[in-house]
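In the numbering used here, the protein residues as written are 4 to 573.
Even glycine gets a Cβ: it sits at the ideal position worked out from N, Cα and C.
Report on the structure given below.
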């Protein structure tokens with residue numbers, strides 16, 4: 004093809020067409036001398052022109068189409084005609100085949116050097132160009148260039164090695180640079196999980212296949228491998244990395260290990276369990292390089308943050324964070340600890356396990372094998388002159404009573420409880436054997452939470468809610484439900500065609516007042532529940548989720564899913 008050329012330099016063209024001023028061009032050129040970036044990128048960064056506006060203008064001048072590929076379903080085998088390393092370097096994406104040619108999207112089709120290289124790499128195919136936003140190109144890279152092909156290739160190779168010999172070199176880890184195929188396979192599994200922002204990896208052997216599943220935004224996505232015989236080799240390597248007993252296959256085991264991949268520092272918590280066709284492995288991925296979230300980053304409303312800050316800054320009392328596994332309780336607790344972590348405060352945590360290491364805080368990991376459990380560590384911690392105690396979980400009567408007495412004797416105690424909502428949490432403490440007067444005197448606030456998926460901002464669009472769903476919403480929020488324009492995600496490159504990208508916390512905060520505390524002291528669960536529901540500052544989880552859907556943050560589907568879990572668990 005003949006490379007398109009601009010008749011004038013880009014900056015002069017933009018000034019000539021009155022899109023930017025000469026002063027803005029001079030400012031961009033001066034900035035460019037310092038940064039070395041392209042003029043177009045500099046103009047966008049300075050806010051003188053939008054990316055889409057610039058590219059549409061560029062496409063018009065070059066006589067090539069401008070394409071929005073966010074809603075386009077790209078085929079991995081077609082885009083794979085250009086290897087990932089070259090696609091990312093040249094910022095180019097093969098969009099589709101057009102007979103003897105391919106349509107290639109670029110953010111800068113005037114880059115003659117890149118065009119020359121593309122013609123050589125894609126030969127004998129001809130080259131047709133389109134202008135595409137760079138952000139869309141890079142989003143497509145993460146969707147197209149996944150590690151699934153590598154995983155399947157290494158799995159097939161490993162099975163061939165398994166057929167030839169059952170002796171594997173399982174002692175090398177990723178950092179050793181070993182050539183063991185099982186190491187390369189696991190490396191690809193972890194890289195794919197990190198790229199897809201997965202929180203968990205499940206390895207599940209079946210009779211005739213092996214399932215590798217990833218939990219992405221709270222929902223499992225599955226990749227099936229026909230090489231079921233390789234599961235034992237993968238589990239062996241993982242056990243070695245986690246320091247587990249490789250000879251024990253009949254009993255569950257827990258461990259952890261650390262790895263670095265794709266620029267991320269990942270702490271992996273691993274659990275094995277014997278199943279019918281081998282051992283199932285579940286790994287929780289904790290990205291240490293991502294850092295801790297603050298209250299503001301959890302999605303918690305500002306008014307609720309202010310109330311919670313007021314509660315945790317008190318000199319004594321107990322604040323509970325409640326919800327099922329995977330609801331973000333630990334994130335909320337660590338956000339609280341980060342705010343309380345001052346040189347003037349002595350903080351001790353008792354955790355199982357320690358998930359994030361915090362400076363200045365004394366963190367203790369329990370070890371039931373040597374009777375180092377929550378209650379025994381908590382007793383010792385109270386003799387260490389702490390100001391603030393964080394207990395990973397209120398698991399039994401002894402731990403609850405020690406924690407409540409600690410809160411009563413001048414300590415701020417933070418902890419979690421596996422309960423359904425804020426109101427039932429206080430009653431649950433009494434059901435666990437704690438005296439009502441102790442709960443009523445020590446408990447100051449309970450925050451219950453869930454995680455719901457965020458709608459993808461790139462493809463969310465308004466729609467008419469089905470009549471059956473609207474009945475549920477009206478039952479939840481009354482006539483307000485009919486006045487809202489709800490949204491749903493259509494699915495695009497940015498969200499990997501799921502309609503969702505990321506998650507946000509949904510919260511309810513119950514603060515104790517004198518009447519509620521009195522009801523707890525006399526073990527009057529019915530009065531406590533009634534008073535809590537009447538508290539002016541209390542908003543139930545389901546109603547908070549409805550507010551997110553009203554604001555276009557999440558979908559009606561997610562609201563109804565949360566309502567269902569609350570009602571079923573309740």
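Cα-Cα separation, residue i to residue j
i: residue 133; j: residue 112; result: 8 Å
i: residue 255; j: residue 435; result: 27 Å
i: residue 279; j: residue 193; result: 25 Å
i: residue 81; j: residue 226; result: 21 Å
i: residue 54; j: residue 267; result: 29 Å
i: residue 450; j: residue 117; result: 55 Å
i: residue 566; j: residue 219; result: 21 Å
i: residue 178; j: residue 191; result: Note on residue 178: pLDDT 46, under 50, position unreliable in the model; no value is reported.
i: residue 188; j: residue 476; result: 46 Å
i: residue 364; j: residue 386; result: 16 Å
i: residue 438; j: residue 528; result: 13 Å
i: residue 230; j: residue 162; result: 6 Å
i: residue 360; j: residue 126; result: 52 Å
i: residue 537; j: residue 513; result: 11 Å
i: residue 473; j: residue 552; result: 13 Å
i: residue 532; j: residue 144; result: 52 Å
i: residue 13; j: residue 60; result: 10 Å
i: residue 376; j: residue 404; result: 14 Å
i: residue 426; j: residue 441; result: 17 Å
i: residue 554; j: residue 461; result: 15 Å
i: residue 108; j: residue 224; result: 29 Å
i: residue 49; j: residue 547; result: 38 Å
i: residue 270; j: residue 202; result: 11 Å
i: residue 78; j: residue 106; result: 13 Å
i: residue 173; j: residue 73; result: Note that residue 173 has pLDDT 47, beneath the 50 cutoff, so the model's placement of it is unreliable and no number is given.
Beta-carbon separation (whole angstroms), residue i vs residue j, contact threshold 8 Å
i: residue 455; j: residue 568; result: Between residue 568 and residue 455 the Cβ distance is about 11 Å, and since that is not below 8 Å, they are no contact.
i: residue 147; j: residue 195; result: About 13 Å; that fails the 8 Å criterion.
i: residue 395; j: residue 419; result: 7 Å
i: residue 237; j: residue 260; result: At roughly 14 Å, the Cβ-Cβ gap does not stay under 8 Å, so residue 237 and residue 260 are not in contact.
i: residue 453; j: residue 330; result: 5 Å
i: residue 446; j: residue 406; result: Contact flag wrong, Cβ pair sits at about 10 Å.
i: residue 342; j: residue 312; result: 7 Å
i: residue 272; j: residue 289; result: 7 Å
i: residue 480; j: residue 541; result: So it is not a contact: roughly 16 Å between Cβ atoms.
i: residue 315; j: residue 417; result: 7 Å
DSSP state of residue i mapped onto helix, strand, coil
i: residue 208; result: strand
i: residue 183; result: coil
i: residue 109; result: strand
i: residue 520; result: helix
i: residue 405; result: helix
i: residue 529; result: helix
i: residue 147; result: helix
i: residue 96; result: strand
i: residue 503; result: strand
i: residue 543; result: coil
i: residue 89; result: helix
i: residue 345; result: coil
i: residue 56; result: helix
i: residue 422; result: coil
i: residue 319; result: coil
i: residue 29; result: helix
i: residue 381; result: helix
i: residue 104; result: strand
i: residue 393; result: strand
i: residue 289; result: strand
i: residue 282; result: strand
Paired residues, beta bridge with residue i - DSSP
i: residue 581; result: This structure cannot settle anything about residue 581, because the visible part of the chain is limited to 4 through 573.
i: residue 429; result: According to DSSP, which records beta bridges pairwise, residue 429 is partnered with nothing at all.
i: residue 510; result: 452
i: residue 261; result: 270
i: residue 219; result: 201 and 222
i: residue 491; result: 464
Nearest to residue i (by Cα), restricted to the options the options
i: residue 464; options: 523, 502, 38 and 196; result: 502
i: residue 414; options: 426, 353, 443 and 349; result: 349
i: residue 95; options: 87, 102 and 101; result: 87
i: residue 206; options: 277, 184 and 138; result: 277
i: residue 308; options: 317, 298 and 70; result: 298
i: residue 71; options: 145, 366 and 140; result: 140
i: residue 114; options: 377, 65 and 249; result: 65
i: residue 99; options: 110, 85, 13 and 241; result: 85
i: residue 520; options: 283, 212 and 321; result: 321
i: residue 32; options: 156, 46 and 21; result: 46
i: residue 274; options: 296, 295, 248 and 265; result: 248
Residue i CB to nearest heavy atom of the ligand FAD below 6 Å
i: residue 228; result: The ligand FAD is not among the ligands present in this structure, which contains no ligands whatsoever.
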